[in-house]
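Engineer: Chains as they are written, first to last, in the working numbering: chain A, 627 to 918; chain B, 160 to 577.
Before I ask anything, let me first share the structure, which is written out below as structure tokens.
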């Protein structure tokens, strides 16, 4: 066996797995998305080209789900990063004992260790207007009861809060580790020059660790795009369509209730293209910024 | 290696020589009385040599899963659990086999209440054997009404008055009503109100007309009920649990819930309840009609032998004997045979006042939804609009009933291709 064919043989398992779990489902989804297949009718599939894709843009519920997905993505990514970049320096500056720091790290990682669905059920109870602990706390100061998940305006922000709670603190833990890696000479030099803590962070610490946190942003972004299970437990897309993300709508259209499989497939393909384009643009922009 | 090959061959041949056992795969939805029935399965298996395998899915998933199984031709299941909302879709697409062709004579198909068989028929042909029916009963807390010196309401206006008087949150809510979206959720509970106010979903030509002034009035009334509920997005089980726990004063919902409500282990209410038919609107009192049944899947039970086995299982499950066993086990309402409801066992199991309300209910029951294949989609969309109205009202935000119904009607027109 030549060296070259030896390589190919070893690539086979990878390609078999890739084909079975990625390429085959993807190409089937593309095939379905170009046809008109409705589970409620027994008639055979007909080819309709881009019909499903064009139909999406006249579908107000689809456009709404696009907006909800966008808001959820921006809200959770920005929220998590804000928490990380505010809480981490605070702990870094105030806690000196190594043991307490380790305890903090442990506590910050804990929410992310909880299964998403479990965390969602826990928060659903906490948000409950009559038996939830949040409303109990409000009632101590004679406020409420507030409804969170059943209020069309509060539902999405309430879900974003849970996601930020799970991810923001995990990112905080990671940023704390990054902060520890900043060389002490740099910090001491800045201190000698009379920099305040705020100046130290704005001019030295953040610029030094930001490039290293870029991958964190991407991980969080990808994670935010896959929050189906989490939102399903909390609101299933409601009230009305206030928290109906793109994947949630595709589920309802495809398998949930309507049975419009090809339309749902078209939405999934659209979501895939959108994420690829979005992530590529963001990646390039960040790299350019990093290089400059 | 050689050893392994021999073992594999032995296993293969042993499998080929074993008597092939007939298996009936059933797709069902979890219900408490099925637990009682499942304990009896070994008896059926001993008698017939047919093994029964059940896969449970909650209501919404059960509907979509059976549709996927039939439409894709996968045919994993021989028997589908089916209801009044999807029988038309399944029968029109030839996904079901006419039930009488495989329901053995000796099990007496004619013993089912004819009205229930009619609901599970399409174009005059029965496609499923009924296993349970439900209609609406007004359940109220007799003790609380006495405390306030109130009489049991007979009209919708009086009903709302009682709800308002009893309402004292968070200790006690006047009522509880379904707000959670879905054709089988809020739309189902809302439908009798639509009819009681004189509205309809479709006119005689099949055009959607549920944005009429009567429909708007019905939605506005329903919103009043939602505003006096513990939450604007309750499911039927939320409502039942809240009532059983004594947190709700008066409620109109399915008669079947009586089995839970009179069980002292799951409810504080035994002895405290009063019952009547649903309060009357301008068009009188209206109760939903829901009938669930078991049907034979055409793609799943492809061979004659499979259809016969599926038919035998369904007949055994719905037999007179098993219905009476359900009555004595505490699930007497989930039945479908006239003789069962007239039996001594049934009479002993329920208070006379409840039985009276139930016979009154039978007279005002009607099919409040439309039995068309597109109903699921139309109902789900309406359910979303209703949930938006309920939650906006509950949160004190502005809402527009007419605009929401106009939008749902427009969507229905598109779904119907009109």
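Note that beta-carbon positions come from the ideal geometry of N, C-alpha and C, so glycine has one too.
#1: Under the rule that 16 or more other beta-carbon atoms within 10 Å means buried, what is residue 232/B, buried or exposed?
#2: In three-state DSSP terms, what is residue 297/B?
#3: Closer than 7 Å by C-beta to residue 912/A: which residues in its own chain qualify, once you throw out the five before and the five after it? Chain order, please.
#4: Can you give the Cα-Cα distance for residue 846/A and residue 793/A, rounded to whole angstroms?
#5: Taking all protein chains shown into account, decide if residue 812/A is buried (16 or more other Cβ within 10 angstroms of its Cβ) or exposed.
#6: Jot down the residue ranges of each uninterrupted alpha helix (DSSP H) in the segment 796 to 843 of chain A, minimum 4 residues, whole runs only, in chain order.
#7: Determine whether the beta carbon atoms of residue 324/B and residue 388/B lie at a separation below 8 Å.
#8: Kindly indicate if chain A contains any beta-carbon less than 8 Å away from that of residue 382/B.
#9: Within its chain, find whatever has a CB closer than 7 Å to the CB of residue 791/A; leave out the 5 residues flanking it on each side and keep chain order.
#10: Do residue 303/B and residue 408/B have their CB atoms nearer than 8 Å?
#11: Suppose the cutoff is 7 Å on Cβ atoms and the five residues either side in sequence are ignored; what does the same chain contact list for residue 419/B look like?
#12: Which whole-angstrom value is the C-beta distance of residue 415/B and residue 293/B, which I expect to be below 8 Å?
#13: So, residue 355/B versus residue 442/B, is the Cβ gap smaller than 8 Å?
#14: I'd like to know whether the C-beta of residue 693/A is nearer than 8 Å to at least one C-beta of chain B.
#15: Check residue 176/B in the structure and name its three-state DSSP category.
#16: Let's test the definition: count the other Cβ atoms within 10 Å of the Cβ of residue 561/B and tell me whether it reaches 16, buried, or not, exposed.
#17: Exposed or buried, what is residue 555/B when buried is set at 16 or more other beta-carbons lying within 10 Å of its beta-carbon?
#18: Compute the beta-carbon to beta-carbon distance between residue 771/A and residue 756/A, rounded to the nearest angstrom, for a pair I have assumed lies under 8 Å.
#19: What's the gap between the Cα of residue 534/B and the Cα of residue 359/B?
#20: DSSP three-state call for residue 367/B: helix, strand or coil?
#21: Measuring only the C-alpha atoms, how far is residue 774/A from residue 552/B?
#22: Excluding the 5 residues flanking residue 563/B on each side, which residues of the same chain have their C-beta closer than 7 Å to its C-beta?
#23: Distance cutoff 8 Å, beta carbons only. Does residue 737/A sit that close to anything in chain B?
#24: Between 205/B, 434/B, 541/B, 305/B, which has its C-alpha nearest residue 866/A's C-alpha?
#25: Given residue 871/A, which residues of its chain have a CB within under 8 Å of its CB, disregarding the five upstream and five downstream residues?
#26: The alpha helix (DSSP H) with residue 638/A in it runs from where to where?
#27: In the DSSP assignment, find the unbroken beta strand (DSSP E) run with residue 578/B in it and report its ends.
#28: 8 Å is my cut-off, CB to CB: does residue 776/A come that close to chain B?
#29: Below 7 Å between beta carbons is the criterion; list the residues of the segment 864 to 888 of chain A that meet it against any residue of chain B, in chain order.
#30: Whose C-beta lies closer than 7 Å to the C-beta of residue 672/A among residues of the same chain, with five residues either side of it excluded?
#31: Quick one: list the residues of chain B neighbouring residue 771/A, beta-carbon separation under 9 Å, in chain order.
#32: Nearest-angstrom Cα distance between residue 784/A and residue 510/B?
#33: If you reduce the DSSP assignment to three classes, tell me which class residue 509/B lands in.
#34: What does the alpha-carbon distance come out to for the pair residue 172/B and residue 191/B?
#35: Below 8 Å on the Cβ atoms is my contact criterion, and I expect residue 436/B with residue 444/B to pass it. Report the Cβ-Cβ distance as a whole number of Å.
#36: Compute the Euclidean distance between the alpha carbons of residue 202/B and residue 379/B, then round it to the nearest angstrom.
Structural biologist: The structure says:
#1: exposed
#2: strand
#3: 840
#4: 8 Å
#5: exposed
#6: 810 to 818
#7: no
#8: no
#9: 737
#10: yes
#11: 399, 403, 425, 426
#12: 5 Å
#13: yes
#14: no
#15: Here the model assigns residue 176/B a pLDDT of 46, short of 50, so the residue's position is not dependable and the matter cannot be decided.
#16: exposed
#17: exposed
#18: 7 Å
#19: 14 Å
#20: strand
#21: 14 Å
#22: 544, 547, 548
#23: no
#24: 541/B
#25: 691, 694, 695, 698, 853, 854, 857, 863
#26: 629 to 644
#27: Examination of residue 578/B is not possible in this model, given that chain B is present from 160 through 577 alone.
#28: yes
#29: 864, 865, 866, 867, 881, 882, 883, 884, 885
#30: 661, 662
#31: 328, 329
#32: 46 Å
#33: coil
#34: Bear in mind that the predicted position of residue 172/B carries a pLDDT of just 48, short of 50, making it unreliable; the figure below should be weighed with that in mind. About 42 Å.
#35: 5 Å
#36: 52 Å
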